[in-house]
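*Asks:* Note that the protein sequences, when read in sequence, are chains A and B. Reminder that position 51 of the first sequence reads as 51 in the UniProt record's numbering, one-by-one numbering, no gaps. Reminder that position 53 of the second sequence reads as 53 in the UniProt record's numbering, one-by-one numbering, no gaps.
Number of protein chains: 2
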Amino acid sequence: MARRGLLIILSSPSGAGKSTLARRLMGWDATLSFSVSATTRAPRPGEIDGTDYHFVTEPAFRKLVDDRGMLEHARVFDNYYGSPKAPVQRAIEAGRDVLFDVDWQGAQQIANSDLQDAVLSIFILPPSITELHRRLVERGQDAPDTINRRMQKSWDEISHWDSYDYVLVNDDLDVTEAQLRTIISAERLRRAQQPDLLDHVRTLQRQFEER
Amino acid sequence: MARRGLLIILSSPSGAGKSTLARRLMGWDATLSFSVSATTRAPRPGEIDGTDYHFVTEPAFRKLVDDRGMLEHARVFDNYYGSPKAPVQRAIEAGRDVLFDVDWQGAQQIANSDLQDAVLSIFILPPSITELHRRLVERGQDAPDTINRRMQKSWDEISHWDSYDYVLVNDDLDVTEAQLRTIISAERLRRAQQPDLLDHVRTLQRQFEER
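1) Give the range of the beta strand (DSSP E) segment to which B:L99 is assigned.
2) Taking all protein chains shown into account, decide if A:R96 is buried (16 or more other Cβ within 10 angstroms of its Cβ) or exposed.
3) Could you have a look at A:F34 and say whether DSSP puts it in helix, strand or coil?
4) Which residues, in chain order, does the segment 50–64 of chain A contribute to contact with chain B at a C-beta distance below 8 Å?
5) At the 8 Å Cβ level, is A:R191 part of the contact set with chain B, yes or no?
6) Along the beta strand (DSSP E) that carries B:N79, what are the first and last residues, could you check?
7) For B:S35, is the classification buried or exposed, using 16 other Cβ atoms within 10 angstroms of its Cβ as the cut-off for buried?
8) Please name the residue, chosen from B:L32, B:V56 and B:F77, that lies closest to B:P43 on a Cα-to-Cα basis.
9) Just how far apart, CA to CA, sit A:R188 and B:R181?
10) Within 10 Å of its beta-carbon, does A:S33 have 16 or more other beta-carbons around it, so buried, or fewer, so exposed?
11) Taking its Cβ as the centre, do 16 or more other Cβ atoms sit within 10 Å of A:K153, making it buried, or is it exposed?
12) Can you name the start and end residues of the alpha helix (DSSP H) that B:E47 belongs to?
13) Roughly how many whole angstroms lie between the Cα atoms of B:G46 and B:H54?
14) At a cut of 8 Å, does the segment 161–176 of chain A reach the segment 169–180 of chain B through at least three beta carbon pairs?
15) At 9 Å on the CB atoms, spell out the chain A contacts of B:M26, in chain order.
16) Whose Cβ in chain A lies nearer than 7 Å to the Cβ of B:I183?
17) With 16 as the cutoff for other CB atoms within 10 Å, does B:P144 come out buried or exposed?
18) Check whether the Cβ atoms of B:I184 and B:V102 lie closer than 8 Å to each other.
19) Ends of the beta strand (DSSP E) at B:A74?
20) Any C-beta of chain B sitting closer than 8 Å to the C-beta of A:D162?
21) On the three-state DSSP scale, how would you describe A:T146?
22) Taking a Cβ distance cut-off of 9 Å, strictly less, list which residues of the segment 104–127 of chain B are near chain A, in chain order.
23) So what does DSSP say about A:S11, is it helix, strand or coil?
24) For A:R134, which of helix, strand or coil comes out of DSSP?
25) In this structure, does DSSP put A:V56 in helix, strand or coil?
26) Compare the C-alpha of A:R134 against each of B:F208, B:T20, B:E58 and B:T31 and name the closest.
27) Once the 5 residues before and after B:F100 are set aside, which same chain residues still bring their CB inside 6 Å of it?
28) Taking 8 Å as the CB-CB limit, is B:V201 close to chain A?
29) Verify whether the separation of the beta carbon atoms of A:Y81 and A:T31 is less than 8 Å.
30) Below 8 Å between beta carbons: does that hold for B:V65 and A:I158?
31) CB-CB under 8 Å to A:V137, same chain, minus the five flanking residues each way: which ones, in chain order?
32) Is it right to say A:T58 is buried, meaning 16 or more other beta carbons lie within 10 angstroms of its own, or is it exposed?
33) Check whether the Cβ of residue 292 of chain A lies closer than 8 Å to any Cβ atom in chain B.
34) With C-beta atoms as the reference, is A:F123 less than 8 Å away from A:S11?
35) Roughly how many whole angstroms lie between the Cα atoms of A:L198 and A:W104?
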């Protein structure tokens with residue numbers, strides 16, 4: 001019996017290094033799959049359908065939600081975003097862990113879904129707000145108002161740190177990546193994640209009885 | 001605020017490598033402490049009081065049990081064995097994890113004690129019964145009857161593998177040691193094991209408000 005994969009949720013305020021860490025984890029373990037979000041917003045130049053997002057129409061999005069085909073979804077301004085359930089279910093049934101880059105609201109919806117038994121949630125904290133602010137400013141030519149709104153959103157995200165299983169402070173990307181690997185590797189050693197053990201114990205029992 | 005240490009329970013049938021692994025873990029991390037059992041049996045040649053066992057009288061042992069001073073205890077033939085609670089409590093309150101080498105009955109008692117929140121239980125399975133039998137035979141000049149009784153006890157122990165958090169098959173000591181390190185390191189990254197995070201988040205909040 002193949003093990004069922006885990007739903008590994010990574011949340012953090014933007015600028016705390018989450019995307020870089022997710023990319024590094026995908027490079028570390030080729031069996032990890034990444035949950036590509038569906039969205040109703042138009043693709044930006046360079047974005048690839050199926051890789052960056054699944055670009056769908058609003059009726060298609062709504063139908064997925066109505067058919068309980070979304071693990072989590074939210075409306076942000078005029079657009080919808082969500083995590084389609086079908087590819088996640090296929091991956092975990094094939095024994096592959098799935099990585100999610102979602103905010104605290106998405107994390108809560110996934111943690112309350114019918115796949116909640118397989119959820120592992122990790123929050124990444126920034127070393128400081130100064131650093132977070134610096135990264136937001138560096139990122140683009142956003143107006144101070146936009147930066148302020150993002151900082152407010154970041155704080156909102158941080159304030160939910162205490163509903164996650166694991167929490168890491170991303171002082172150093174290499175250290176944090178190693179910690180993420182450690183967490184994922186350990187979780188795979190849980191009894192519940194190793195259905196093959198049952199076969200091993202049955203073999204031991206047969207050997208014991210035939211001895 | 002210092003984190004409270006974990007109670008790390010290692011169980012396995014004898015001959016599966018548990019003692020070697022426990023010793024290696026103690027060498028890996030000097031902050032780990034080992035729960036030395038108390039016993040009413042007489043010391044054997046070479047055994048050191050306080051290191052191998054705490055050798056106590058039967059009245060002293062009974063008093064500890066009556067005063068709820070034992071995390072777990074059992075009678076084996078005419079002798080009593082148990083894990084005194086006081087040193088464990090001192091260690092975990094100082095933020096040190098404590099390693100226990102106990103059987104499934106001891107593990108269950110500790111898992112039902114008032115320290116249950118801090119318990120992490122790991123079962124080590126042998127690669128095969130043949131191997132387990134070979135190690136028991138190699139170990140000494142025991143009579144076939146004794147070996148048979150030990151094998152029966154080993155199977156009894158194995159049959160409780162499925163009440164542990166983590167289960168490892170000890171095919172290779174180095175691999176199993178690395179897995180144990182991974183599990184302990186990951187468990188220390190759980191939010192509940194990092195009370196200092198609260199200070200960090202408070203600092204982030206102050207920085208956010210003063211920005």
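Each residue gets a CB set at the ideal place from its N, CA and C atoms; glycine is no exception.
*Replies:* A quick look at the data gives this:
1) Boundaries of the beta strand (DSSP E) harbouring B:L99: V98 to D101, taken from the DSSP string.
2) Buried, by the Cβ-count rule.
3) Here A:F34 sits in strand by DSSP.
4) For the segment 50–64 of chain A, which is checked against every Cβ of chain B, not one residue is closer than 8 Å.
5) Interface residue, yes.
6) Membership of B:N79 in the beta strand (DSSP E) is indicated by the continuous run N79 to P84.
7) Buried, because 16 or more other Cβ atoms sit within 10 Å of the Cβ of B:S35.
8) Closest option to B:P43, judged by alpha-carbon separation, among B:L32, B:V56 and B:F77: B:V56.
9) Each residue's alpha carbon lies about 14 Å from the other.
10) The residue is buried, with at least 16 neighbouring Cβ atoms inside 10 Å.
11) Classification for A:K153: exposed.
12) First-last for B:E47: undefined, no H or E at that position.
13) Using only the alpha carbons, I get a separation of about 14 Å.
14) With fewer than three CB-CB distances shorter than 8 Å, the segment 161–176 of chain A does not count as touching the segment 169–180 of chain B.
15) Residues of chain A passing the Cβ test: none, with the nearest at roughly 20 Å.
16) Simply A186 and L189.
17) Counting of Cβ neighbours within 10 angstroms places B:P144 among the exposed residues, the total staying below 16.
18) Not a contact, by the Cβ cut-off of 8 Å.
19) Per DSSP, the unbroken beta strand (DSSP E) holding B:A74 starts and ends at M70 to V76.
20) So, interface residue.
21) Three-state DSSP puts A:T146 in a helix.
22) Within the segment 104–127 of chain B, the residues whose Cβ lies closer than 9 Å to any Cβ of chain A are, in chain order, I122, F123, L125, P126 and P127.
23) Strand, per DSSP.
24) DSSP places A:R134 in the helix class (H, G or I) of the three-state scheme.
25) In the structure shown, the three-state DSSP call for A:V56 is coil.
26) For the residues B:F208, B:T20, B:E58 and B:T31, the minimum Cα distance to A:R134 belongs to B:F208.
27) So the list reads I9 and S35, once near-sequence residues are dropped.
28) Output row for B:V201: interface = yes.
29) Against a cut-off of 8 Å, the Cβ pair of A:T31 and A:Y81 comes out as no contact.
30) With respect to the 8 Å criterion, B:V65 and A:I158 are not classified as neighbours on the basis of their beta carbons.
31) Excluding sequence neighbours, A:V137 sits near I147.
32) The sequence shown places Glu at residue 58 of chain A, not Thr. With fewer than 16 Cβ atoms within 10 Å of its Cβ, A:E58 is classed as exposed.
33) With chain A represented from 1 up to 211, any question about residue 292 of chain A goes unanswered, as that position is not in the structure.
34) Contact: yes.
35) Rounded to the nearest angstrom, the gap between the Cα atoms of A:L198 and A:W104 is 36 Å.
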